[in-house]
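Comments concern the structure below.
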Amino acid sequence: MAAITEEQVELVRALIAAIPPGRVRTYGDIADEAGLPSPRLTSWVLRTDGGDLPWHRVITASGRPAAPVRRRQLELLAAEGVPIVDDRVVLRRCRIGVDGDGP
DNA sequence: AGCATGACTGCTT
DNA sequence: TAAGCAGCCATGC
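Each residue of the first sequence is one higher than the one before, starting from 5 at the first, in our numbering.
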């Protein structure tokens, strides 16, 4: 029996599904919102149940997509209008839940 | 029971 | 900016 409940997993999926086009969120943000004890659990949910979810809208805090799918994600994100520079997503412009205070 | 793995993050060099 | 290191939690062997 996993330490996390089905409710938590469901919440994670809901949060990911709620991400609007042209916007992205990090694993850590989703984990925090869903109440997961660690951002690694977000990857776990995505990897196991992410079949019907817009997984491409979930990226690492580095602004770089996950390794096994990074090529795919960059293409999908770019198609949605997400600003990408040098194979990297511009989080300060498309990240949700955080307001870029500006440089 | 113990060790290795992974779609991670933050801090330090 | 990039690279290295430790912490993190569930899963698989």
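Quick reminder that beta carbons are idealized off the backbone N, C-alpha and C, glycines included.
Nearest to I63 by alpha-carbon distance, out of G55, L50 and E10, is L50. Residues of the same chain with a CB within less than 6 Å of the CB of R61, apart from the 5 flanking positions on each side, are I23 and V28 in chain order. The DSSP assignment places 31-38 and 43-53 as complete runs of the alpha helix (DSSP H) inside the stretch 30-58, in order along the chain (cut-off: 4 residues).
With 16 or more other Cβ atoms from the protein chains shown falling within 10 Å of its own Cβ, V93 counts as buried.
Annotation for V73: no alpha helix (DSSP H) segment contains it, and DSSP assigns it neither H nor E.
With contacts defined as CB atoms closer than 8 Å, V86 and C98 qualify as a contacting pair.
According to the DSSP secondary-structure assignment, V93 is paired through a beta bridge with I88. Within the same chain, and ignoring the five residues on either side of G32 in sequence, the residues whose Cβ sits closer than 6 Å to its Cβ are P43 and A65.
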